[in-house]
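J.:
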Ligand code: ADP
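In the numbering used here, the protein residues as written are 719 to 1088.
1. Is the beta carbon of residue 980 less than 8 Å from the beta carbon of residue 965?
2. Please work out which residues of its chain come closer than 8 Å, Cβ to Cβ, to residue 1053, disregarding the five sequence neighbours upstream and downstream, and give them in chain order.
3. Ordered along the chain, which non-local residues of its own chain (more than five positions away) have a Cβ less than 6 Å from that of residue 778?
4. Taking 8 Å as the cut-off, decide whether the C-beta atoms of residue 941 and residue 832 are in contact.
5. Measuring CA to CA, which of 1057, 976, 1064, 1002 is closest to residue 841?
6. Please find out if some non-hydrogen atom of the ligand ADP comes closer than 7 Å to the beta-carbon of residue 902.
7. To the nearest whole angstrom, what separates the beta carbons of residue 992 and residue 1028, a pair I think is in contact under 8 Å?
8. When burial is assigned at 16 or more other CB atoms within 10 Å of the CB, is residue 1072 buried or exposed?
9. When you measure from the CB of residue 747 to every non-hydrogen atom of the ligand ADP, does any distance come out below 7 Å?
10. Exposed or buried, residue 786, counting other C-beta atoms within 10 Å across all chains shown (16 or more means buried)?
11. Would DSSP call residue 980 helix, strand or coil?
12. Three or more beta-carbon pairs under 8 Å between the region 956-964 and the region 852-870, yes or no?
13. Indicate the three-state DSSP secondary structure (helix, strand or coil) for residue 935 in the structure shown.
14. Candidates 1022, 738, 1061: which alpha carbon is nearest residue 1034's?
15. Would you report the Cα separation of residue 983 and residue 793, rounded to the nearest angstrom?
16. Taking its Cβ as the centre, do 16 or more other Cβ atoms sit within 10 Å of residue 796, making it buried, or is it exposed?
17. Report yes if the C-beta distance between residue 739 and residue 747 is below 8 Å; otherwise report no.
18. Taking residue 886 as the reference, give the member of 876, 926, 767, 930 with the closest Cα.
19. Counting along the chain, where does the alpha helix (DSSP H) carrying residue 763 start and finish?
20. Please determine if the region 864-881 and the region 920-929 are in contact, where contact requires at least 3 C-beta pairs separated by less than 8 Å.
21. Using a Cβ-Cβ cut-off of 7 Å (strictly less than) and excluding sequence neighbours within five positions of residue 1057, which residues of its own chain qualify?
22. In the DSSP assignment, the alpha helix (DSSP H) including residue 778 goes from what residue to what residue?
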């Protein structure tokens, strides 16, 4: 039933609802201590950002929960996410501190964490992340899939998941799908809601999806990164020990230029680049198997050679990949013998060899970007 507008929550009404809560550090109210950084309201969905010092983050956690409880009880509120943010986001250009500096390293039960990144959106990074993760699970590995693309979370749609994760105590249980465990901010907010994130909020949301989710021991976690370079990349580099990053690109030159930026970002944060994947590499006619190189096939292979990193493989452009992704049924699971599944499986196998040390992996050459 639609609520009448007088009941619609506003940032001011919600601020008033939580203003009197006490800051455990100073004993003053949240309002007096100036800790309510922002409240955003959109169609009944509320995002609250609470400021905290890193040292007080643990003590602020019950306050964050209370904020969510109080705001959820306000008329017209359908969903609320309160996030703790540190006073200052680190300067993006600063070299990342080692993961252990100051704060506990998150996800210590995960043997290898692999970031899947791209320099720009729309190159098929999420589709690659999902299918690689499913292919790794098909190899018998314990796999987690974390959607760090908080600006445009697409994992719920691609995995066909519409329910919300269960909460036990102060931890969320990742959703099982296609043999893996998945977590996405998209499970918590509605898909159509445009997300406006500022630096500290990005870090807070990511840290919660890593630190407050019951992932359990995993062999490998695939992290679908937001496109481009920035806060999310930095957070990952600082808060977990990444086995490395995989860069997805289409063969087009422009996309490759963007891929180079992605590579450079990880280089700067001392995260090894495990290799490049060329997506939408060639078109294979489903009727006659004729191969057409729509975008000039092979760009990523040459680029990988130039950058001194490994070319991990190529994936054709196929209507079935898109329709399967749109239907929430990853093609690796639904057509495991098809050409697409074989491409993903080969890349998954090589990736696992590299990160588990099972293959002929030696530390790759340093990547030099001009
Ligand atoms: P990104 O995460 O880089 O923004 P997505 O994974 O969301 O990109 O993919 C963008 C669109 O391209 C989606 O509609 C997806 O289904 C489609 N797509 C991705 N890879 C392929 C492919 N190899 N063949 C056909 N369509 C693809």
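Cβ atoms here follow ideal geometry from the backbone N, Cα and C, with glycine treated the same way.
T.: Considering the structure as presented:
1. Stepping through the chain shown from its first residue, residue 980 is reached at position 262. Stepping through the chain shown from its first residue, residue 965 is reached at position 247. The Cβ atoms of residue 980 and residue 965 sit closer than 8 Å to each other.
2. Residue numbering aside, residue 1053 sits at position 335 when the chain shown is read from its first letter. Excluding sequence positions up to five before and after residue 1053, its CB lies within less than 8 Å of the CB of 1038, 1042, 1059, all in the same chain and listed in chain order.
3. Your numbering for residue 778 matches position 60 in the chain shown. Once the five neighbours on either side are set aside, the close Cβ partners of residue 778 are 770, 802.
4. Position 223 of the chain shown, counting from 1, holds the residue named residue 941. Position 114 of the chain shown, counting from 1, holds the residue named residue 832. With contacts defined by Cβ atoms closer than 8 Å, residue 941 and residue 832 form a contacting pair.
5. As a first step, residue 841 must be located in the chain shown, where it is residue number 123. Among 1057, 976, 1064, 1002, the Cα nearest to that of residue 841 is on 976.
6. Numbered from 1 along the chain shown, position 184 holds the residue referred to as residue 902. Not under cutoff, so the answer is no.
7. In the chain shown, residue 992 corresponds to position 274, counting from 1. In the chain shown, residue 1028 corresponds to position 310, counting from 1. Contact holds; Cβ gap of about 7 Å.
8. Counting from 1 along the chain shown, the entry for residue 1072 is found at position 354. By the neighbour-count criterion, in which 16 or more other beta carbons inside 10 Å mark a residue as buried, residue 1072 falls on the buried side.
9. For this step, residue 747 is matched to residue 29 along the chain shown. No - the ligand ADP has no heavy atom lying nearer than 7 Å to the Cβ of residue 747.
10. Taking the chain shown and counting its residues from 1, the one referred to as residue 786 is at position 68. Buried: at least 16 other Cβ atoms inside 10 Å.
11. The residue labelled residue 980 in the question sits at position 262 within the chain shown. The answer is helix: DSSP assigns residue 980 an H, G or I state.
12. No, because fewer than three Cβ pairs between the region 956-964 and the region 852-870 fall closer than 8 Å, the two stretches do not touch.
13. Counting from one through the chain shown, the residue named residue 935 turns up at place 217. In the structure shown, residue 935 sits in coil (DSSP, three-state: anything other than H, G, I, E or B).
14. Here residue 1034 is taken as the residue at index 316 of the chain shown, counted from 1. Looking from the CA of residue 1034, the closest CA among 1022, 738, 1061 belongs to 1061.
15. For this step, residue 983 is matched to residue 265 along the chain shown. For this step, residue 793 is matched to residue 75 along the chain shown. If I take the Cα positions, the gap works out to 44 Å.
16. On the chain shown, position 78 is the one that residue 796 refers to. Residue 796 comes out exposed.
17. By one-based count along the chain shown, residue 739 stands at place 21. By one-based count along the chain shown, residue 747 stands at place 29. When the beta-carbon positions are compared, residue 739 and residue 747 come within less than 8 Å of each other.
18. As a working mapping, residue 886 is identified with position 168 in the chain shown. Closest by C-alpha distance to residue 886, out of 876, 926, 767, 930, is 930.
19. Position 45 of the chain shown, counted from the start, is the residue given in the question as residue 763. Where residue 763 is concerned, there is no enclosing alpha helix (DSSP H), although the beta strand (DSSP E) it sits in stretches over 763-770.
20. Because the criterion of three Cβ pairs below 8 Å is met, the region 864-881 and the region 920-929 touch.
21. As a position in the chain shown, residue 1057 is number 339, starting the count at 1. Only 1002, 1034 meet the Cβ criterion.
22. Within the chain shown, numbered from 1, the residue matching residue 778 stands at position 60. Counting along the chain, the alpha helix (DSSP H) containing residue 778 begins and ends at 775-790.
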